[in-house]
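First the structure, in the form of structure tokens, and then the observations on it.
Protein chains: 2
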Amino acid sequence: MASTLTTLDSPQDAAESLLDAAEAEFSENGFHGTTTRAIAAGAGVNAALLHYYFGSKEQLFARVVERRAAEINGRRRALLADLEALTTAPSLEALLEAFLRPTIEFGHDSTRDGQRYARLLVYVAAGTDERSRRLTAQNYNDIAQVFIARFVDAVPGLAQKDAVRGYLFAVSIALSLMGRTGRAGDLSEGACHDDDVNQAIEEAKIFAAAGIRALAMRPKDD
Amino acid sequence: MASTLTTLDSPQDAAESLLDAAEAEFSENGFHGTTTRAIAAGAGVNAALLHYYFGSKEQLFARVVERRAAEINGRRRALLADLEALTTAPSLEALLEAFLRPTIEFGHDSTRDGQRYARLLVYVAAGTDERSRRLTAQNYNDIAQVFIARFVDAVPGLAQKDAVRGYLFAVSIALSLMGRTGRAGDLSEGACHDDDVNQAIEEAKIFAAAGIRALAMRPKDD
DNA sequence: GTCTATATTTAGATAGAC
DNA sequence: GTCTATCTAAATATAGAC
């Protein structure tokens, strides 16, 4: 975002190496469980450079989250724009696809270390500490409002508050798939695996769509 | 579990005070973000007693989780026994009620500091680090298998692997309600609040039941 | 069982040479 | 921009008096 690659032979500069290493370390052990020395070692750069480039561990953490959130939400907006270019209004399933695919796919992309960020995202989005809540709000509230509004448009009778609840439930489902903890495999003795991206997205989409529609049909008494 | 209260005038002994204080601290800042000194200070006991009673911070953490898991799963089993005492087979909704109510209600119980443990449970159950996965498996795999089997019995056409997936989705939904981060309020400008237990359980139940049924009805191709 | 005192390690951050 | 060296603080854990 700030640093543009101007040199042709850029051997990935120190700042970017630190961001990558920080992502890997933070995703494994969280904020407090990660040391700045481990990050520097992982990046293969001197430990003092971390503070030179990012000021503090805290600011580095924020930058790691921002970098990927911008990427994921950019893809979400692009998929949404594709949908709205069509003549027919998008279905709830199509909206969920546009919302879920970038994150879940990201978490299953082995080549680009997306899985590391996926775990970090779980840490941040599921975390209840002040830092997690702040970063989640800063990086994901705008996109949340976009999709919540689309849910209301797509589902007859869906109240705003039910759309919010449904959105948050959909997020939590996506997070459970992104963690890749292997628990599904344990509980099913191997029958369930976390490897197939398209199947994971499909299951999340089916589950969330049915859940949101059920919230819309629920008798209201308040 | 281990310590039974035999004295009438027990002013809550040091070990139990440490467990309570540890629960509060760990739930706010996680494992690495919590210091043993803060726990001892919160408990109002000498810091050396933590190691005297529990050996290490690690073992204390495990004890905190075990204590509440035993309590929550005990209530789940009791509710399940009530259901199975009836002549008719329990519905999916009734099973979800028995599963969800103890946790969600626990998280909304202000008098018993359940909210603190609720956040710790979110931390452990959503966490992807090795310790979180181990403690989740140790404390929740048995109860998971019980409910997964009941889901299969209650929903015609529900495959084992879909029951596992549905169970994990239901857990993630419950966790999103237990965190009480206030995000629902932010996104709905106050229209959504986390305060009403029964409404929260109802919404989770409606959403999860519809989602699980939808998984059962999905056309299979694998 | 409870305390004081402390050993030992390691953390985040910085100063200043180059 | 990158390095070495180090400051300062705080962490977990323990030894040993009482």
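These protein sequence lines map, in sequence, to chains A and B.
Taking numbering that gives the first Met the number 0, I'd label the letters of the first sequence as residues 0 to 221.
Taking numbering that gives the first Met the number 0, I'd label the letters of the second sequence as residues 0 to 221.
Even for Gly, the Cβ is constructed at its ideal location relative to N, Cα and C.
None of these values were measured; they are calculated from a predicted model.
- Residue nearest to residue 128 (chain A) within the set B:135, B:117 and B:132 is B:117 (criterion: CA-CA distance).
- Taking CB atoms only, residue 175 (chain A) has a neighbour in chain B less than 8 Å away.
- As the crow flies, the alpha-carbon of residue 152 (chain A) is around 10 Å from that of residue 162 (chain A).
- Among the residues of chain B, those whose CB is under 9 Å from the CB of residue 206 (chain A) are 164, 165, 168, 206, 207, 209, 210, 211, 213 and 214, following chain order.
- Spatial neighbours of residue 124 (chain B) in its own chain (CB-CB distance under 8 Å, excluding positions within 5 residues in sequence) are listed in chain order as 131, 135, 139, 170 and 174.
- At a cut-off of 4 residues, the continuous stretches assigned as alpha helix (DSSP H) that sit fully inside the stretch 51–95 of chain B are 56–83.
- Counting C-beta pairs with one atom in each stretch, the stretch 17–25 of chain A and the stretch 41–48 of chain A have three or more that are closer than 8 Å, which means they touch.
- The C-beta of residue 197 (chain B) comes no closer than 8 Å to any C-beta of chain A.
- CA-to-CA, the gap between residue 145 (chain A) and residue 50 (chain B) works out to about 51 Å.
- Close partners of residue 138 (chain A) in chain B (Cβ separation under 7 Å) are lacking, with about 13 Å as the shortest Cβ gap.
- In this structure, residue 209 (chain A) keeps its C-beta atom at 8 Å or more from the C-beta atom of residue 61 (chain B).
- Counting C-beta pairs closer than 8 Å gives fewer than three between the stretch 58–78 of chain B and the stretch 57–74 of chain A, which falls short of the contact rule.
- With fewer than 16 neighbouring CB atoms inside 10 Å of its own CB, residue 54 (chain A) falls in the exposed class.
- Residues of the stretch 23–36 of chain A with a Cβ closer than 9 Å to any Cβ of chain B, in chain order: 26, 27, 28, 29, 30, 31, 32 and 33.
- Residue 64 (chain A) has a beta carbon lying at 8 Å or more from every beta carbon in chain B.
- Within its own chain, the residues whose Cβ lies closer than 6 Å to the Cβ of residue 79 (chain A), once the five positions on either side in sequence are excluded, are 97, listed in chain order.
- In this structure, the straight-line span from the alpha carbon of residue 197 (chain A) to that of residue 203 (chain A) is close to 10 Å.
- Residue environment: residue 33 (chain A) is assigned as buried (16 or more neighbouring CB atoms within 10 Å of its CB, all protein chains considered).
- For the 8 Å CB-CB criterion, residue 156 (chain B) and residue 216 (chain B) form a contact.
- Interface criterion not met: the Cβ of residue 112 (chain A) is under 8 Å from no Cβ in chain B.
- Secondary structure of residue 218 (chain B) (DSSP, three-state): coil.
- Here DSSP, grouped into helix, strand and coil, assigns residue 179 (chain A) to coil.
- Taking 9 Å as the Cβ-Cβ cut-off, the stretch 70–92 of chain A has no residue approaching chain B.
- If you look at residue 188 (chain B), you'll find it isn't in any alpha helix (DSSP H); DSSP assigns it neither H nor E.
- The shortest CA-to-CA distance from residue 143 (chain B) to any of A:214, A:75, A:37 and A:182 is the one to A:182.
- Note on the stretch 115–183 of chain B: whole alpha helix (DSSP H) runs with a minimum of 4 residues are 129–153 and 159–177, in chain order.
- Nearest C-alpha to residue 108 (chain B) among B:11, B:179 and B:28: B:179.
- Note that the C-beta distance between residue 31 (chain B) and residue 192 (chain A) is not below 8 Å.
- A residue is called buried once 16 or more other Cβ atoms fall within 10 Å of its Cβ, and residue 84 (chain A), having fewer, is exposed.
- Short of 6 Å from the beta carbon of residue 101 (chain A), and not among the five residues preceding or following it, lie these beta carbons of its own chain, in chain order: 71, 74 and 75.
- Taking a beta-carbon distance threshold of 8 Å, residue 57 (chain A) does not count as an interface residue toward chain B.
- With a threshold of 16 other beta carbon atoms within 10 Å, residue 137 (chain B) falls short and is exposed.
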